[in-house]
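Please read the structure below before turning to the comments.
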Amino acid sequence: MRNLKLAAAALVAMAGLSGMAHAGAACGDSAAGFDGFIKQFRKEAAARGVDAKGLSALDGVQYQPGIIKKDRAQSVFSLSFIDFQKRMVSAYRIKEGANILRQNKQLFDAIQQRYGVPGEVLIAFWAFETDFGKNMGDFDTISSLATLSWDCRRPDKFREQLIGALKLYQSGDLEREDMKGAWAGEIGHTQFLPKEYVETAIDFDGDGHRNLRRSIPDAMASGAALLVKHGWKANEPWLEEVRLTKDLPWDQADIAIQLPRSQWAKWGVTGVDRKLKADKFPASLLLPMGKDGPAFLAYENFTTAYLKWNESLVYSLTAAYLANRIGGDGPFYPGRAPVEALSYDQIKELQQILEAKGYDVGTVDGKLGKATRDAVKQEQIKMGWPADSYPTVPFLEKLQNG
Numbered sequence: 002m003r004n005l006k007l008a009a010a011a012l013v014a015m016a017g018l019s020g021m022a023h024a025g026a027a028c029g030d031s032a033a034g035f036d037g038f039i040k041q042f043r044k045e046a047a048a049r050g051v052d053a054k055g056l057s058a059l060d061g062v063q064y065q066p067g068i069i070k071k072d073r074a075q076s077v078f079s080l081s082f083i084d085f086q087k088r089m090v091s092a093y094r095i096k097e098g099a100n101i102l103r104q105n106k107q108l109f110d111a112i113q114q115r116y117g118v119p120g121e122v123l124i125a126f127w128a129f130e131t132d133f134g135k136n137m138g139d140f141d142t143i144s145s146l147a148t149l150s151w152d153c154r155r156p157d158k159f160r161e162q163l164i165g166a167l168k169l170y171q172s173g174d175l176e177r178e179d180m181k182g183a184w185a186g187e188i189g190h191t192q193f194l195p196k197e198y199v200e201t202a203i204d205f206d207g208d209g210h211r212n213l214r215r216s217i218p219d220a221m222a223s224g225a226a227l228l229v230k231h232g233w234k235a236n237e238p239w240l241e242e243v244r245l246t247k248d249l250p251w252d253q254a255d256i257a258i259q260l261p262r263s264q265w266a267k268w269g270v271t272g273v274d275r276k277l278k279a280d281k282f283p284a285s286l287l288l289p290m291g292k293d294g295p296a297f298l299a300y301e302n303f304t305t306a307y308l309k310w311n312e313s314l315v316y317s318l319t320a321a322y323l324a325n326r327i328g329g330d331g332p333f334y335p336g337r338a339p340v341e342a343l344s345y346d347q348i349k350e351l352q353q354i355l356e357a358k359g360y361d362v363g364t365v366d367g368k369l370g371k372a373t374r375d376a377v378k379q380e381q382i383k384m385g386w387p388a389d390s391y392p393t394v395p396f397l398e399k400l401q402n403g
């Protein structure tokens, strides 16, 4: 037994020296052990190219229990699309976004010319992330990321971001006092995580620094560059509202399924003005609240770039919708009939039932992510219900009653 313990200890030590970000590295759910973690992390960071200046950003860093509370909090992303957009798409944001686009036409034209991303797309993300720069956050980035890196829930993700933050300070793009932002480590007008900042941010104003907190041109151009990195294609659409005129093969209404617009038109999908280009251009039919709620055609710019910016479907859909509103579109049609959406607690109960049935729903977190929606679709097929991947109250009640 003693030899086994020694071998295990040696493996832990090797893991700490070769890569703190790898699974199996030590972690904790309190301040106990945090100082030792920071000491070991300094060695890992130095081995990965962080110099003395970068390492100095860790001086005096302390465990922040309030950050962990925020990480465990219920997520607004559990809201339905209709409820989420009510919070996020205000008349003020539409009007202010359109004003910004008009008043800064030269800047956004230059960004679109270089990256192919329209200004309304960037401005909508700006509105969502920081309310046009009014709420960039005042959490110390290093302390937040160090705390989340020590926490056992998602250490791999945040240890990579902490390395990025140290390199960001090392590069001189941000002073230590400017390394502030959201509680999870995002920085600047468009809330870049440090690793993305280091790898993708752009000095668009030409002052020699990539400052996403103090330079709006840098922040907007960097957002465009990140979308291109995520697969954005110039001169292509991202989201188009449509109407459903009749029943269709509901199992084909899936973000993972792309069909020609001509096929959707054949099945009775029309544009808002009753016209839809019946061509070969691929699109997914997105029904964020099922067959009776709002309907959209989602194009590749949405299914790749938007969902890589934020993997939450309700967030990305609402951001794309706000971009359309800033660009001049009207409000969406709520659908053909009222939809009884599940609450946060009901979604968690649904996930538990689906897990008990053998489905992999990922984490039981009260969010309708891809894995949960896929499981719902399979269960709807078994039940003989329209397989639109959206769980309603009647659907949950059916599962509860066996």
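Residues 2 to 403, numbered by this note's numbering, are exactly what the sequence shown covers, in order.
Positions of the beta carbon are idealized from the N, C-alpha and C atoms, including for glycine.
Proximity of T393 and A342 at Cβ, strictly below 8 Å: yes
Run through DSSP, which three-state label would I188 get? strand
Which ranges does the beta strand (DSSP E) cover as unbroken runs of at least 3 residues, wholly within the segment 273 to 346, from first to last along the chain? 283 to 287, 297 to 299
Residue environment, K368, which counts as buried when at least 16 other CB atoms sit within 10 Å: Burial of K368 is indicated by the presence of at least 16 other C-beta atoms within 10 angstroms of its C-beta.
Count the other CB atoms within 10 Å of the CB of M384; is the residue buried (16 or more) or exposed (fewer)? exposed
Excluding the five sequence neighbours on either side, which residues of its own chain have a C-beta within less than 7 Å of the C-beta of N212, listed in chain order? Contacts found: D174, L175, D219.
Would the beta-carbon of G404 fall within 8 Å of that of Q162? Missing from the structure shown is residue 404; the chain here goes from 2 to 403 and no further.
If you reduce the DSSP assignment to three classes, tell me which class K247 lands in. coil
How is V377 classed by DSSP in three states: helix, strand or coil? helix
Please specify which runs of the alpha helix (DSSP H), each continuous and at least 4 residues long, are wholly inside the segment 49 to 90, giving them in chain order. Listed in chain order, the alpha helix (DSSP H) runs fully inside the segment 49 to 90 are 53 to 57, 66 to 73, 82 to 89, counting runs of at least 4 residues.
Within a Cβ cutoff of 6 Å, which residues of the same chain sit near Q381, ignoring the five residues on either side of it in sequence? Excluding positions up to five away in sequence, the list reads A388.
Indicate whether the contact test is met: 3 or more Cβ pairs, each with one atom in the segment 177 to 193 and one in the segment 132 to 145, closer than 8 Å. As far as the Cβ criterion goes, the segment 177 to 193 touches the segment 132 to 145, which means the pair count is three or higher.
Integer Cβ distance of W151 from G328, believed to fall under 8 Å: Actually they do not touch by this definition, with Cβ atoms about 43 Å apart.
Buried versus exposed call for G269 [16 or more other C-beta atoms within 10 Å across all chains shown]: exposed
When the distance is taken between beta carbons, is A296 closer than 8 Å to V229? no
Nearest to L287 by CA position, among L149, A321, I217, is which residue? A321
Top-ranked residue by Cα proximity to L146, from G207, V77, W265, V62: Put simply, of G207, V77, W265, V62 the residue whose alpha carbon is nearest the alpha carbon of L146 is V62.
Can K371 and E301 be called in contact, C-beta distance under 8 Å? no
Leaving out five residues on either side along the sequence, give the residues of the same chain with a beta carbon under 6 Å from the beta carbon of T319. F85, Q86, M89
Could you pull out every residue in the same chain whose Cβ sits closer than 6 Å to the Cβ of F333, ignoring the five residues on either side in sequence? Exclusion of the five residues before and after F333 leaves E242, P295 as the residues of its chain whose Cβ lies within less than 6 Å of its Cβ.
Tell me the rounded alpha-carbon separation between G98 and L123. 10 Å
Excluding five sequence neighbours on each side, which residues of the same chain lie with their C-beta closer than 7 Å to the C-beta of A128? Contacts found: R94, G98, L323.
For T271: DSSP bridge partner residues: DSSP lists R244 as partners of T271.
At 4 residues or longer, and completely inside the segment 78 to 164: list those alpha helix (DSSP H) runs for me, N to C. 82 to 89, 92 to 104, 106 to 116, 120 to 131, 142 to 151
A24 to Y116 span [Cα, whole Å]: In this predicted model, A24 has a pLDDT of only 39, less than 50, meaning its place in the structure is not dependable; the value taken from the coordinates is given anyway. Roughly 36 Å between the two C-alpha positions.
Check the C-beta distance from P289 over to F82 and give it rounded, since I have them as a contact under 8 Å. 4 Å
Q259 and P283 look like a contact to me (Cβ under 8 Å); what is the Cβ gap, rounded to whole Å? Distance from Q259 to P283 at the Cβ level is roughly 4 Å; contact confirmed, criterion being Cβ atoms closer than 8 Å.
Return the CA-CA distance between C153 and S31, expressed in angstroms with no decimal places. 10 Å
For R160, count neighbouring C-beta atoms within 10 Å of its own C-beta (all shown protein chains included) and say buried if the count is 16 or more, exposed if not. When all chains shown are included, R160 counts as buried.
Please report how far the alpha carbon of T201 lies from the alpha carbon of S223, in whole angstroms. 7 Å
Cutting at 7 Å between CB atoms, please list the residues of its own chain near K378, excluding the five before and the five after it. D252, A388, S390
Measuring only the C-alpha atoms, how far is K196 from W184? Between K196 and W184, the C-alpha separation is close to 16 Å.
Rounded to whole angstroms, what's the CA-CA distance from S257 to L59? Just pull it up for me. First, the amino acid is wrong: residue 257 is Ala here, not Ser. So the two alpha carbons sit approximately 42 Å from each other.
Just to confirm, are A166 and T142 a CB contact at a threshold of 8 Å? yes
Any idea if S216 is buried or exposed, counting beta-carbon neighbours within 10 angstroms, 16 or more meaning buried? buried
For P395, write down the residues that DSSP places opposite it in a beta bridge. Note: P395 sits in no beta bridge, so no partner.
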